[in-house]
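With the numbering used here, you'll find the sequence shown wraps up at 211, consecutive numbering, no jumps.
Structure, as structure tokens:
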Amino acid sequence: MKNKSNNQAYRKLRTNIEYRNDDKNIKSICLTSCNHGAGTTTVTCNLAITSAANKSKVLLIDANISNPQIHKVFNMNMDTGLTNILRNHDYSNVMYYTSKFKDNHSDGVLYVMGAGSKISHSLDVLSSEAFKDFMIAMNEVFDFIIIDCPSIETSYDVIPVTHVVDGTVLVISSLDSDKNKAKDALRQLHRNGAYILGTVLNKVVGD
Numbered sequence: 005m006k007n008k009s010n011n012q013a014y015r016k017l018r019t020n021i022e023y024r025n026d027d028k029n030i031k032s033i034c035l036t037s038c039n040h041g042a043g044t045t046t047v048t049c050n051l052a053i054t055s056a057a058n059k060s061k062v063l064l065i066d067a068n069i070s071n072p073q074i075h076k077v078f079n080m081n082m083d084t085g086l087t088n089i090l091r092n093h094d095y096s097n098v099m100y101y102t103s104k105f106k107d108n109h110s111d112g113v114l115y116v117m118g119a120g121s122k123i124s125h126s127l128d129v130l131s132s133e134a135f136k137d138f139m140i141a142m143n144e145v146f147d148f149i150i151i152d153c154p155s156i157e158t159s160y161d162v163i164p165v166t167h168v169v170d171g172t173v174l175v176i177s178s179l180d181s182d183k184n185k186a187k188d189a190l191r192q193l194h195r196n197g198a199y200i201l202g203t204v205l206n207k208v209v210g211d
């Protein structure tokens, strides 16, 4: 999925997240964008793969419930995933709801959880106590958790997710993201209590 030129960029992103100049221990993050098509899923998946290179157990979650994409990237069955484990409250059996990926060149393991079965009210699910309990349980099992979220332009689902992770990253496309929309997205996230780790400039011409 990654090419050689991108490997170093994702390692730098991983390191920037791990070694921030503050006292906050970053163990879980979510990624969103200011507009659809910024490439958030690509950044999220590559960051998860890179993170598994230096952490024992990494969990990647697709929280873009209305328009899931991660199952396509990893060629997974999308019938079982986040919505199912939340509905069943089956947190002790998390491996049943994930697919396991091991790179021969890495000591760590990446566990990928798709969005799961389609539901009508994704915002209600992500705002629920069940999702908070789920994240508490997952923090006990995994070394690092990365969540792929829809753009803040197309869905408000990202807001409750930002409240249960340690930090949020905003993906901005140099080709598709309007500067004013990017600023507005940051303001919305701040206004709703998100802890912003930073931004990622994606789709840079020449990459």
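Beta carbons: idealized from backbone N, C-alpha and C, even for Gly.
**Euclidean distance between Cα positions of Ser-121 and Asp-147** = If I take the Cα positions, the gap works out to 26 Å.
**Prompt:** So Lys-1 is in the beta strand (DSSP E); what residue range does that whole segment cover?
**Reply:** Outside the displayed span of the chain (5 to 211) sits residue 1, for which this structure offers no information.
**Asked** Hey, would you say Ala-134 sits closer than 8 Å to Asn-68, going by beta carbons?
**Response** The Cβ atoms of Ala-134 and Asn-68 lie no closer than 8 Å to each other.
**His-75 burial status per 10 Å Cβ neighbour count (16 or more: buried)** = By the C-beta density criterion, His-75 is buried, having at least 16 other C-beta atoms within 10 angstroms.
**Message:** As a quick exercise: from Met-99, His-125, Gln-73 and Pro-164, pick the residue whose alpha carbon is nearest that of Leu-114.
**Reply:** Between Leu-114 and the set Met-99, His-125, Gln-73 and Pro-164, the nearest pair of CA atoms involves Met-99.
**Proximity below 8 Å, CB of Ala-56 to CB of Val-47** = With contacts defined as CB atoms closer than 8 Å, Ala-56 and Val-47 fail to qualify as a contacting pair.
**Asked** Any idea if Asp-111 is buried or exposed, counting beta-carbon neighbours within 10 angstroms, 16 or more meaning buried?
**Response** Counting Cβ neighbours within 10 Å, Asp-111 comes out exposed, since fewer than 16 surround it.
**Message:** Would you call the stretch 145–162 in contact with the stretch 32–49, where contact means no fewer than 3 C-beta pairs closer than 8 Å?
**Reply:** Touching, yes, given that three or more Cβ pairs across the two stretches are closer than 8 Å.
**Asked** Identify the residues that DSSP records as bridge partners of Tyr-115: which are they?
**Response** For Tyr-115, which the question treats as bridged, DSSP gives the partners Leu-63 and Lys-104.
**Request:** Within the same chain, show all residues whose beta-carbon is closer than 8 Å to that of Asp-137, passing over the 5 residues directly before and after it, in chain order.
**Result:** Once the five neighbours on either side are set aside, the close Cβ partners of Asp-137 are His-93 and Tyr-95.
**Request:** Tell me whether the beta-carbon of Ser-32 lies closer than 8 Å to the beta-carbon of Val-169.
**Result:** For Ser-32 and Val-169, yes; Cβs fall inside 8 Å.
**Prompt:** Taking buried to mean at least 16 other C-beta atoms within 10 Å of its own C-beta, is Ser-103 buried or exposed?
**Reply:** Around the beta carbon of Ser-103, a 10 Å sphere encloses 16 or more other beta carbons of the protein chains shown; the residue is thus reported as buried.
**Message:** Suppose contacts are defined by Cβ-Cβ distances below 8 Å. Is Asp-66 in contact with Met-117 by that definition?
**Reply:** It is a contact, given that the beta carbons lie within the stated cut-off.
**Request:** Verify whether the separation of the beta carbon atoms of Gly-171 and Ile-30 is less than 8 Å.
**Result:** Yes; because the gap between Cβ atoms is below 8 Å, this pair is in contact.
**Item:** Sequence-distant residues of its chain with Cβ nearer than 8 Å to Asn-11 (five each side left out)
**Value:** Shown here for Asn-11: same chain residues with a beta carbon closer than 8 Å to its own, the five before and five after excluded, namely Thr-54 in chain order.
**Item:** Residue-chain proximity (Asn-58, chain D), Cβ-Cβ < 8 Å
**Value:** Here there is only one protein chain, and chain D is not present.
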